[in-house]
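Asker: The sequence shown maps to residues 711 to 1079 in this note's numbering. Just so it is clear, CB atoms sit at the ideal spot from N, CA and C, and this is done for glycine as well. Nothing here was measured: the structure is a model prediction, and the numbers come from that model.
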Amino acid sequence: MSDLRAQYLNRRHFQGLDGIRCVAILAVLWHHSSPPTPLPIFSRGFFGVDLFFVLSGFLISTLLLREKAANGRISLKNFWMRRALRLIPAYYLVLFALLAAYSILKPGSEETESLWSGFPAYALYFSNWIDPHFPNLGPTWSLATEEQFYLVWPLFEAFAAPIVSAAAIVVGVIINQLINFGLLDGAIQSMIGWTPAEHPEILQTTFTPILLGVGLAHALDSQSTHNLVRQIVGFRHASIVYAVILIALLNIPASNISGAMRLALHLAATLFIGSIIVAPTSGLTKALEWKPISFVGAISYGMYLYHMFGLHIASVILQKIGVDASVMKFFLGCAITIVASAASYFFYEKRFLDLRRKFRSAQTISDDH
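#1: Near A854, what residues of its chain come up, given a Cβ to Cβ distance below 7 Å and the 5 sequence neighbours on each side ignored?
#2: Look at the Cβ atom of L956, then the Cβ atom of N890, and state whether they are nearer than 8 Å.
#3: Under 6 Å Cβ to Cβ from V759, same chain only, skipping five residues before and after it: list those, please.
#4: Assess contact between the stretch 793-802 and the stretch 871-881, defined as three or more Cβ pairs (one per stretch) separated by less than 8 Å. Is contact present?
#5: Between the beta-carbon of I898 and the beta-carbon of W904, is there less than 8 Å?
#6: Between the stretch 998-1006 and the stretch 724-741, do three or more beta carbon pairs fall short of 8 Å?
#7: Could you have a look at L769 and say whether DSSP puts it in helix, strand or coil?
#8: May I ask whether a heavy atom of the ligand GDP can be found less than 7 Å away from the beta carbon of Y832?
#9: Which runs of the alpha helix (DSSP H) fall wholly inside the stretch 727-781 and span at least 4 residues, in chain order?
#10: What's the gap between the Cα of S712 and the Cα of F866?
#11: Please classify G726: is it buried, with 16 or more other beta-carbons within 10 angstroms of its beta-carbon, or exposed?
#12: Less than 8 Å between the C-beta atoms of F757 and A737, yes or no?
#13: With a threshold of 7 Å on Cβ separation, who are the neighbours of G993 within its own chain once the five nearest residues in sequence on each side are excluded?
#14: Would you check if the distance between the CB atom of L825 and the CB atom of L803 is smaller than 8 Å?
#15: Assuming L952 and S985 form a contact by the criterion Cβ under 8 Å, report the distance between their Cβ atoms to the nearest whole angstrom.
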């Protein structure tokens, strides 16, 4: 085993990834603030979700690979319990609070009936199959996508041979790209009846970034490919190079970034994240580890759940004082969301997070994301 691979396998914390989460969640808040777009990149805050997807694919697969290496097996029960304790409490708090509020304040209204009719899909993490979404619950589609990944992919890691897992990654990306390039539009419409404009999020490019993150985890874990990956993402100033490429791609003028451009963005995001992972002492990684940035990244899950409410409250406050500026809405919404998410994390979510100790299978890496 090479010294660099041994160092990688012994790392329990990947510096800089909380910083990337911070960038991702702030991009999402910016996108939902309806901001001015002097440059194309300012209209693409939605790509923050894709960054979250790459991170999830990498971290979950790395966690499972290391558990299997340490124990000879993967405890699916423990994994799923840890995930449930991390994700469900805050998610269900939002769902049931919203349901109670509408049922009490607007009983029998069209909005309340709409929420009740869509509630099973939200509660069972199938909201990436429905469209349109209930106000303030639109972002839950990505949480449903990740939850489905958490349910299915560990089965491959636990029971499939490495070659089968690799094939599943490749086939999954190919199918997702056939949809991305519109090559399956006719088949989908004939079988299901959905036109391209009617495709729910499950039929977008959502699984490509997740699977690219999975592929990165496997490539860095494997003795046969670890050094090759380091050559691609570990050269001097690689993180800056890939960050510049990603920013440049996001700034290309285009009304639609599907097809080749979306694939290029996903590849660039994966290479950028890979460069941060293999260079824990680089200047950019250290910048992403700055405590305020890391803190926002650490509470980014709560921010994703609460930010639509934070932005709504910010909008109401600004209207009351006669200010109509989406940039101000972004900053005030961020402040409200950070305060709410920090309170949720320390006074509510942490109670459930502490219970995960009972379901630790091996001390490999943190699964606090």
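Answerer: In short:
#1: Y835, F836, S837 and N838
#2: no
#3: S852
#4: no
#5: yes
#6: yes
#7: helix
#8: This structure lacks the ligand GDP, and indeed carries no ligand of any kind.
#9: 727-742 and 757-781
#10: Between S712 and F866, the alpha-carbon positions lie close to 27 Å from each other.
#11: buried
#12: yes
#13: none
#14: No, they are not a contact pair.
#15: The sequence shown places Tyr at residue 952, rather than the Leu named in the question. Between S985 and Y952 the Cβ distance is about 5 Å, and since that is below 8 Å, they are a contact.
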